[in-house]
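Written out below as structure tokens is the structure these notes cover.
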Amino acid sequence: MSVVPLRRLTPAEESVIASAEKGLAAGDETRRNALAVLRREGLPHRRVEAWHYTDLRSLVGSHKPGLVARVIDALTRAHEPELLAPFIPGSTVIDLGAMTGTVNLAGVTVERLSASPDWREAANHLDRDVDTVRLLNASFGSQATRITVAAGTDLAHPVELSAIPGQGSESTFVLCDVGAGAKAVFVERLSPGNQSALSTGVTNLTVGDGAEVLWIVDQAKDKDETHLGQLNVTVGADATFRLFMLNAGGALVRLEVHAETTGEGADIQMRGVTLLHGNQHIDVTTTLNHTVPNTTATETFRNVVTGGHGVFQGMIKVSRGAQKTDARMACNTLLLSDDGDFSAKPELEIFADDVQCGHGATAGEIDANHLFYLMSRGIPEREARGLLVKAFVKEVVEELENEAAIEVLEARIDAWLAADH
Numbered sequence: 001m002s003v004v005p006l007r008r009l010t011p012a013e014e015s016v017i018a019s020a021e022k023g024l025a026a027g028d029e030t031r032r033n034a035l036a037v038l039r040r041e042g043l044p045h046r047r048v049e050a051w052h053y054t055d056l057r058s059l060v061g062s063h064k065p066g067l068v069a070r071v072i073d074a075l076t077r078a079h080e081p082e083l084l085a086p087f088i089p090g091s092t093v094i095d096l097g098a099m100t101g102t103v104n105l106a107g108v109t110v111e112r113l114s115a116s117p118d119w120r121e122a123a124n125h126l127d128r129d130v131d132t133v134r135l136l137n138a139s140f141g142s143q144a145t146r147i148t149v150a151a152g153t154d155l156a157h158p159v160e161l162s163a164i165p166g167q168g169s170e171s172t173f174v175l176c177d178v179g180a181g182a183k184a185v186f187v188e189r190l191s192p193g194n195q196s197a198l199s200t201g202v203t204n205l206t207v208g209d210g211a212e213v214l215w216i217v218d219q220a221k222d223k224d225e226t227h228l229g230q231l232n233v234t235v236g237a238d239a240t241f242r243l244f245m246l247n248a249g250g251a252l253v254r255l256e257v258h259a260e261t262t263g264e265g266a267d268i269q270m271r272g273v274t275l276l277h278g279n280q281h282i283d284v285t286t287t288l289n290h291t292v293p294n295t296t297a298t299e300t301f302r303n304v305v306t307g308g309h310g311v312f313q314g315m316i317k318v319s320r321g322a323q324k325t326d327a328r329m330a331c332n333t334l335l336l337s338d339d340g341d342f343s344a345k346p347e348l349e350i351f352a353d354d355v356q357c358g359h360g361a362t363a364g365e366i367d368a369n370h371l372f373y374l375m376s377r378g379i380p381e382r383e384a385r386g387l388l389v390k391a392f393v394k395e396v397v398e399e400l401e402n403e404a405a406i407e408v409l410e411a412r413i414d415a416w417l418a419a420d421h
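In case it helps, our numbering puts the sequence shown at residues 1 to 421.
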């Protein structure tokens, strides 16, 4: 029998885990199991390939020395409902922390799943044994929400999901099933809180055969906050899943998207904009897993860096039987200052022999010729640079084909650029 000695946890790791243990209740076995794995494995570090560029173990300690006290405070404070204005006019806003009972919309049911602990052990699309985001979510989260969109429903207005940080809802878990042939738009709002705190969010989304889903993530955390999020998506036959992510806040943020095709004709379109400044650390990690023939996917992320450290890790996997897969990925970064840097790691893992797959990553400064062209027509340099940056990021926003969402997102980007980062 071999004995594997337990690694000594750092003070930051010990504090995070101990704070979650304070909320343990008798019979809370799934939560207890998650904490046991966390205590055994600790937080991931740069020698863990999936976390190489986001060394959570050291970042939590360096960015958040007072994190634990804030986590405890968040867990013990009673929730005080706070209404948010719709991100997109006409949307239905659901506060995941304040919701009780069941909410019924036309063709949509939203219900609390607090009575069942099984959600903490729901499957995801990762092929590694230790899923830190899921473990932290299971350790701190106390409730889950199920959203069901009936087959054939054409949702007239978006459904916006929010959890007000600092009000006892730092960890959310959502199971969302969109029935066959349905059409829906969801907005996941990661809003700033009243104080810095650790928050996590995990969503398992199933897009039924022939369904169409647009999922918008608006990440606008406060400058001192840490957030770890994960979206697991299963896309059925002839179904379309479109994602747009605006990633512009927080001190330490990692958003994971893991999507899998399960039916022929499935189409996945991911678009995202990350705006980095100051001392931020923002990580976007995606996995596209093609498991059946004749599926398509495109993935385009644009990043603007004036400071901090940005990360993009993108993996396209094509299984042996997924012939005729057409998948492409691009990560383009505009570096506007020597104070920031960006790490990009696009990857392909292909086992089929009749596919079209490609990936690429670029990083550079504003094109001097384009800048000269604008200035030669009387546009001041500062204004000219702003126009070029806007053009760089808005190109992917305009692919949304949802005028209301485009208008709101472009206003958010304009405000960020005008803030003189």
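Each residue gets a CB set at the ideal place from its N, CA and C atoms; glycine is no exception.
CA-to-CA distance, residue j to residue i, given in whole angstroms
i	j	result
G236	V133	25 Å
S19	L275	32 Å
T200	G229	5 Å
H79	P380	With a pLDDT of only 48 at H79, under the threshold of 50, the placement of this residue in the model should not be trusted; the figure read from the coordinates follows. In a straight line, the C-alpha of H79 is about 50 Å away from that of P380.
R271	T300	5 Å
G250	D354	42 Å
E188	S376	43 Å
D414	A106	35 Å
L334	G364	5 Å
T206	V233	6 Å
V16	L135	12 Å
T226	E13	14 Å
L400	A26	47 Å
R465	A259	Shown here, the chain extends from 1 to 421; a query on residue 465 therefore has no answer.
A50	L59	15 Å
I147	L243	18 Å
V304	D28	44 Å
Buried or exposed by the 16-neighbour rule on C-beta atoms within 10 Å, applied to residue i
i	result
G101	exposed
L24	exposed
T172	buried
F312	buried
H221	Sequence inspection shows Lys at residue 221; the His mentioned does not correspond to that position. It is buried - the Cβ of K221 has at least 16 other Cβ atoms within 10 Å.
G445	With the chain represented from 1 up to 421, any question about residue 445 goes unanswered, as that position is not in the structure.
K317	buried
A391	exposed
N204	buried
P89	exposed
G321	exposed
V396	buried
Cβ neighbours of residue i in the same chain (closer than 7 Å, five flanking residues each side left out)
i	result
A151	G179, A180, G181, A182 and G208
R112	M99, T100, G101, Q143 and T145
V93	L84, P86, E160 and S162
I72	In this predicted model, I72 has a pLDDT of only 47, less than 50, meaning its place in the structure is not dependable; the value taken from the coordinates is given anyway. Correct list, in chain order: S19 and K22.
G42	R7, L9, E13 and R57
W416	A248 and L275
Beta-bridge partners of residue i, as assigned by DSSP
i	result
N247	Q219 and T274
D149	Note that residue 149 corresponds to Val in the displayed sequence, not to Asp. Paired residue(s): V108 and V178.
A418	The partner list for A418 (beta bridge, DSSP) is empty, contrary to what the question assumes.
K390	According to DSSP, which records beta bridges pairwise, K390 is partnered with nothing at all.
M315	T287 and E347
Contact set for residue i: own chain, Cβ-Cβ below 6 Å, skip 5 residues either direction
i	result
P81	Its pLDDT being 48, under 50, P81 is placed unreliably by the model, and the measurement read from it follows with that caveat. Correct list, in chain order: A98.
M315	T287 and E347
V68	Its pLDDT being 49, under 50, V68 is placed unreliably by the model, and the measurement read from it follows with that caveat. Cβ within range, chain order: S15 and S19.
A384	L371, L374 and M375
Own chain residues within Cβ distance below 8 Å of residue i, not counting five before or after
i	result
D267	V235, A239, T240, F241, T295, T296 and A297
Residue i: CB within 7 Å of a non-hydrogen atom of the ligand MG
i	result
H52	Ligands are entirely absent from the displayed structure, and the ligand MG is therefore not among its contents.
Q) Do three or more CB pairs link the stretch 203-223 to the stretch 169-188 at distances below 8 Å? A) yes
Q: Evaluate contact between the stretch 284-292 and the stretch 247-260, counting only Cβ atoms and requiring at least three cross-stretch pairs below 8 Å.
A: yes
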